[in-house]
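S.K.: Protein sequence lines correspond, in order, to chains F and V.
Take my numbering: the final residue in the first sequence is number 282, and no numbers are missing along the way.
Take my numbering: the final residue in the second sequence is number 376, and no numbers are missing along the way.
For glycine and all other residues, C-beta sits at the position ideal for the given N, C-alpha and C.
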Amino acid sequence: MADDLKGKDVGKAANLFNDIQDIDFALIAAIFFFSWITIFALRKTLPFLAERGPNQLRLYILGAVPVLRLFILAGAVLSIIPLIFNITFENFLVIAGAASVAIGFAFKDYVSSILAGIVAIFERPYRPGDWVQIGDDYGEVKSVGIRALTIVTPSDDTVTVPHEKIWQNNISNSNDGSNTLMCIADFYLHPDHDGDAVRFALEDVALTSAYLEYRKPIIVVLKEKPWGTHYMLKAYPFDLRDQFAFISDLTLRGKKALKSLGATEAVSALSPPE
Amino acid sequence: MTGSPQQISSLQQPFVLASEYDVPPTPTEHAVKQILRKLRARVSNTISDSGSPQEQLCDIDVDFLDRISPPPAYGFFLDEISLSLKDWLDRDNPPDLRRVVTLPPGDSPSVMKTWAEGFGFQILKPPKRASLLDATTKPPSLEGKGILVIPRLEDWFIRHKDGLRVIRDLLQAMHWSDRKIIIGCNDWAWSYLTKSVSAHHLLPAPITFKSYDHERLEAWISEMSAPVRKTGITFRFHKNSEDMFKSPKERGTYFKTLAGASRGIPWTAWELWRSNLSLSRDSQKAPKDEDTTDEYAEQKVVWVSELEAFSLPGNDSDLSLLVLHAILLHGAISSDNLKSVLPKFGVENTLPLLLGAGLIKRVGEKYFAAPAAYPSVRLGLKTAGFPLNGQS
């Protein structure tokens, strides 16, 4: 009787996998290779085309990369599994049990990042081409990988952020798939100035910028502080990649405009001038 | 000079609202060729060393070119303006005392100025552009009798933090004036002025001409070239040597392509047509007759090449596009004024590059967009996401 039970257990383990002579390794290798080469080609070609194609399509082309990669990977995995495993309900339970132990002990964070990455593709807190703030890092999302995304900061630093950040952290997205985002130029003025004149002058500074997006509003907001007045000139460039050039342009010409009005800068944001 | 009665009477409403301007379609084959050419240029991302495509083929000197393709008088176009404004001109007190006509860039000399001079209307002369930045510059008084014409509203501003004051004053003065005023404006400038000074709140919706489709262009250019053809000169297609004016099907395709390539703008179409004419297929001139001083006396064939788009400079295209956009906004602008409206250095080096590529022209100290290159320039700006001019 013990021998019978032992024989049954061996048979069950053997049936988890297909017979080795029935496994088409060449096909598995071909699926791996084809999937890898396709993903590699997409990751190189689409960003290349996005940078050289019409500006209006850039973010759509960039955003397609992680989606297409997910579909290709899912297709490859779903194609390979039946080639290796003998798909039955009992076998599924065995695999699920083994996977749970592995995930729980060794791959918890890795799997969490992968799942977060899949969720991010559908919820879209970020996508390639977006400018996002995650923690202390602000930059352009260059690529969205399986486990992590890569952002490039204005200082040209490349930061790799695991997807699992979305479970606990706020993701601040400046453009959310749009070709433009709000830029703010700050001015700090001594209290002794004509507020109306300053506001109109700053509006004209924005209206005469070479980078201005016509279809978006221009807003001048001011806040009174103990040391003076803080003006925020808010406007949109027609291409978000020009955001820093735009802010610089607004700031430089804004300073000239304010100087010609006789407004003086607050000496320090922390202490009032004497 | 006037256009043919048939041309005018066939158009019951020669001008339409600018927002309804309809660009003629481009034949598919030509569009595909241009897309492939553009893709090659964008992927290689290099400066074209060959200059404008027309440079390679245009081996005709200007005098002969003027003989075979004389500068058009645009008389028919002026008649269209008169017809469109006739009802308004005839009324003593129309509901709106102002009329705005927007035109794409490239009309030189100014069509509106020529039209106003023909009728003897008073023309408001703009101040020098640099003086627009001066706080003491004010628009002249609009007092007076009779119709007042402002041929180019774009001459009244400069895209500078101090450059919008005069045009704001002018718009207010026009709003309160009890004179009938006709305002001409470059449509790129109109789009900008709508945003910057809310011109569309103070002035009525602009009108513009109906686009010149292949039929109108064919009739117009056929009529212009008729005197030359009577002297024995034939126009043959470069690709197959067919006589252009004896091959209706080929001619029809050519003019459909020309209408699409020129966006239905007559002066652009004329420049493109002219720049695609050459003397010989192998760029060798016909043998000269020893007994005559006329270099072209023996020239009997003028070759018509396929239309090709202009290439924008590959390197440093950001500054090139900023310069081109600023030039289109202002109509015509000097390099000093250009420097004051652009945020980047390097304008002095970019202008020769654009001149060499045939994208801009210079008259005196002022630069303006070359009419033949205008569709390519517009497409380049659209691709890069720049704010555009509406439809034309």
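1. Just reading off the beta strand (DSSP E) that residue 152(F) is part of, what are its end residues?
2. Would you call the segment 169 to 176 of chain F in contact with the segment 114 to 132 of chain F, where contact means no fewer than 3 C-beta pairs closer than 8 Å?
3. Should residue 246(F) be flagged as near chain V, meaning a C-beta pair shorter than 8 Å?
4. Run through chain V and tell me which residues come within less than 7 Å of residue 259(F), C-beta to C-beta.
5. In chain order, what residues of the segment 3 to 15 of chain V put their CB closer than 9 Å to some CB of chain F?
6. For the segment 122 to 152 of chain V, which residues have a beta carbon sitting closer than 9 Å to at least one beta carbon of chain F?
7. For the ligand FMN, is there a heavy atom less than 7 Å away from the beta-carbon of residue 52(V)?
8. When Cβ atoms are compared, which residues of the segment 40 to 71 of chain F fall closer than 7 Å to chain V?
9. Report buried or exposed for residue 4(V), applying the criterion of at least 16 other Cβ atoms within 10 angstroms of its Cβ.
10. Rounded to whole angstroms, how far is the Cβ of residue 243(V) from the Cβ of residue 8(V), which I believe are closer than 8 Å?
11. Is residue 371(V) close to chain F, meaning its C-beta is less than 8 Å from at least one C-beta of that chain?
12. If the cut is a Cβ gap below 7 Å, which residues of chain V does residue 187(F) touch?
13. Could you check what DSSP says for residue 44(F) in three-state terms: helix, strand or coil?
14. Please classify residue 379(V): is it buried, with 16 or more other beta-carbons within 10 angstroms of its beta-carbon, or exposed?
15. Whose C-alpha, out of 190(V), 171(V) and 131(V), is nearest the C-alpha of residue 162(V)?
16. Classify residue 251(F): buried if its beta carbon has 16 or more other beta carbons within 10 angstroms, exposed otherwise.
17. So, at 6 Å on beta carbons, what are the nonlocal neighbours of residue 133(F) in its own chain, with the 5 sequence-adjacent residues on each side left out?
18. Using a cut-off of 9 Å between C-beta atoms, extract the partners of residue 221(F) located in chain V.
19. Assuming contact is defined by CB atoms lying nearer than 8 Å, are residue 344(V) and residue 356(V) in contact in what I supplied?
20. When you compare each of 28(F), 258(F), 243(F) and 271(F) to residue 311(F) by their alpha carbons, which one comes out closest?
21. Determine the DSSP secondary structure at residue 273(V), reduced to helix, strand or coil.
22. Give me whichever residues DSSP pairs with residue 141(F) in a beta bridge.
23. The beta strand (DSSP E) that contains residue 152(V), what's its start and end?
24. Give me the Cβ distance between residue 239(F) and residue 269(F), rounded to the nearest whole Å; I'm assuming they're in contact under 8 Å.
25. Is it true that the CB of residue 228(V) sits closer than 8 Å to the CB of residue 288(V)?
26. Taking only runs that begin and end inside the segment 171 to 237 of chain V, name each unbroken alpha helix (DSSP H) of 4 or more residues, in chain order.
27. Going straight from the alpha carbon of residue 208(F) to that of residue 317(V), what length do you get?
28. For residue 118(F), I'd like the list of residues in its chain whose CB is within less than 8 Å of its CB, leaving aside the five on either flank, ordered along the chain.
29. Report the rounded CA-to-CA distance for residue 151(V) versus residue 224(V), giving the unit in angstroms.
30. Apart from the five residues on each side of it in sequence, which residues of its chain come closer than 7 Å, Cβ to Cβ, to residue 364(V)?
31. Determine the chain V residues that contact residue 218(F) at a beta-carbon separation under 9 Å, and present them in chain order.
32. Check for me: the alpha helix (DSSP H) holding residue 76(F) runs from which residue to which?
33. Throw me the rounded Cβ distance for the residue 144(V) and residue 216(F) pair, which I believe falls under 8 Å.
34. Indicate whether at least one CB of chain V lies closer than 8 Å to the CB of residue 271(F).
35. Since residue 316(V) is in the beta strand (DSSP E), which residue starts that stretch and which ends it?
36. Looking only at C-alpha atoms, which of 229(F), 202(F) and 147(F) sits nearest to residue 182(F)?
M.R.: The relevant details are as follows:
1. Walking along the first sequence from the start, residue 152(F) turns up at place 144. Here the beta strand (DSSP E) through residue 152(F) covers 145 to 152.
2. Yes, since at least three Cβ pairs between the segment 169 to 176 of chain F and the segment 114 to 132 of chain F fall closer than 8 Å, the two stretches touch.
3. As a working mapping, residue 246(F) is identified with position 238 in the first sequence. Yes, its Cβ sits closer than 8 Å to a Cβ of chain V.
4. Taking the first sequence and counting its residues from 1, the one referred to as residue 259(F) is at position 251. Result: empty, since nearest Cβ-Cβ is about 11 Å, beyond 7 Å.
5. Taking 9 Å as the Cβ-Cβ cut-off against chain F, none of the residues of the segment 3 to 15 of chain V qualify.
6. Listed by position along the chain: 142, 143, 144, 145, 146, 147, 148 and 149.
7. Of ligands this structure carries none, so the ligand FMN is not represented either.
8. Within the segment 40 to 71 of chain F, the qualifying residues are 60, 62, 63 and 64.
9. Working through the second sequence from its first residue, we reach residue 4(V) at position 20. With fewer than 16 other Cβ atoms inside 10 Å of its own Cβ, residue 4(V) counts as exposed.
10. Translated into positions along the second sequence, residue 243(V) becomes position 259. Translated into positions along the second sequence, residue 8(V) becomes position 24. Yes, residue 243(V) and residue 8(V) are in contact; Cβ-Cβ is about 4 Å, under 8 Å.
11. Here residue 371(V) corresponds to residue number 387 of the second sequence, with the count starting at 1. Judged by the 8 Å Cβ criterion, residue 371(V) is in contact with chain F.
12. Your numbering for residue 187(F) matches position 179 in the first sequence. The contacting residues are 369.
13. Counting from one through the first sequence, the residue named residue 44(F) turns up at place 36. In the structure shown, residue 44(F) sits in a helix (DSSP, three-state: H, G or I).
14. Lying outside -15 to 376, the shown extent of chain V, residue 379(V) is not represented and no answer is given.
15. Position 178 of the second sequence, counted from the first residue, corresponds to residue 162(V). For residue 162(V), the nearest C-alpha among the options comes from 131(V).
16. Residue numbering aside, residue 251(F) sits at position 243 when the first sequence is read from its first letter. So residue 251(F) ends up on the buried side.
17. The residue you call residue 133(F) lines up with position 125 of the first sequence. The answer, listed in chain order, is 174 and 179.
18. Residue mapping note: residue 221(F) aligns to position 213 of the first sequence, counting from 1. Ordered by position in chain V, the residues that pass the 9 Å Cβ test against residue 221(F) are 369 and 371.
19. Position 360 of the second sequence, counting from 1, holds the residue named residue 344(V). Position 372 of the second sequence, counting from 1, holds the residue named residue 356(V). When the beta-carbon positions are compared, residue 344(V) and residue 356(V) stay at least 8 Å from each other.
20. Nothing in the structure corresponds to residue 311(F), since chain F is present only between 9 and 282.
21. As a position in the second sequence, residue 273(V) is number 289, starting the count at 1. Since pLDDT at residue 273(V) reaches only 44, below the 50 mark, its modelled position is unreliable, and the value read off the structure follows with that caveat. The three-state reading of DSSP puts residue 273(V) in coil, since its state is none of H, G, I, E or B.
22. The residue given as residue 141(F) occupies position 133 in the first sequence. Residue pairing from DSSP places residue 141(F) in a beta bridge opposite 146(F) and 180(F).
23. Within the second sequence, residue 152(V) is the residue found at index 168, counting from 1. For residue 152(V), there is no enclosing beta strand (DSSP E); the residue is part of the alpha helix (DSSP H) that begins and ends at 149 to 160.
24. For the purposes of this step, residue 239(F) is taken as the residue at position 231 of the first sequence. For the purposes of this step, residue 269(F) is taken as the residue at position 261 of the first sequence. Incorrect: roughly 12 Å between the Cβ atoms, too far for contact.
25. What you label residue 288(V) is simply residue 304 of the second sequence in a count that begins at 1. What you label residue 228(V) is simply residue 244 of the second sequence in a count that begins at 1. Yes, they are a contact pair.
26. Unbroken alpha helix (DSSP H) runs of no fewer than 4 residues, entirely contained in the segment 171 to 237 of chain V, are found at 171 to 180, 183 to 186 and 198 to 214, following chain order.
27. Reading the first sequence from its first residue, position 200 is the one you call residue 208(F). Reading the second sequence from its first residue, position 333 is the one you call residue 317(V). The straight-line gap from Cα to Cα measures roughly 26 Å.
28. Position 110 of the first sequence holds residue 118(F). Correct list, in chain order: 155.
29. As a working note, residue 151(V) is residue 167 in the second sequence. As a working note, residue 224(V) is residue 240 in the second sequence. When rounded, the distance between both Cα atoms is 54 Å.
30. Taking the first residue of the second sequence as position 1, residue 364(V) is located at position 380. Non-local C-beta neighbours of residue 364(V) in its own chain, meaning closer than 7 Å and more than five positions away in sequence, comprise 296 and 305, ordered along the chain.
31. Your numbering for residue 218(F) matches position 210 in the first sequence. Correct list: 143, 306, 309, 310, 325, 326, 327 and 328.
32. If you number the first sequence from 1, residue 76(F) lands on position 68. Residue 76(F) -> alpha helix (DSSP H) spans 66 to 92.
33. Numbered from its first residue, the second sequence carries residue 144(V) at position 160. Numbered from its first residue, the first sequence carries residue 216(F) at position 208. The distance from the Cβ of residue 144(V) to that of residue 216(F) is about 6 Å, consistent with a contact at the 8 Å cut-off.
34. Residue mapping note: residue 271(F) aligns to position 263 of the first sequence, counting from 1. Chain V contact via Cβ: absent.
35. The count along the second sequence starts at 1 and reaches residue 316(V) at position 332. Residue 316(V) -> beta strand (DSSP E) spans 316 to 318.
36. Position 174 of the first sequence holds residue 182(F). Ranking the options by Cα distance to residue 182(F), first place goes to 147(F).
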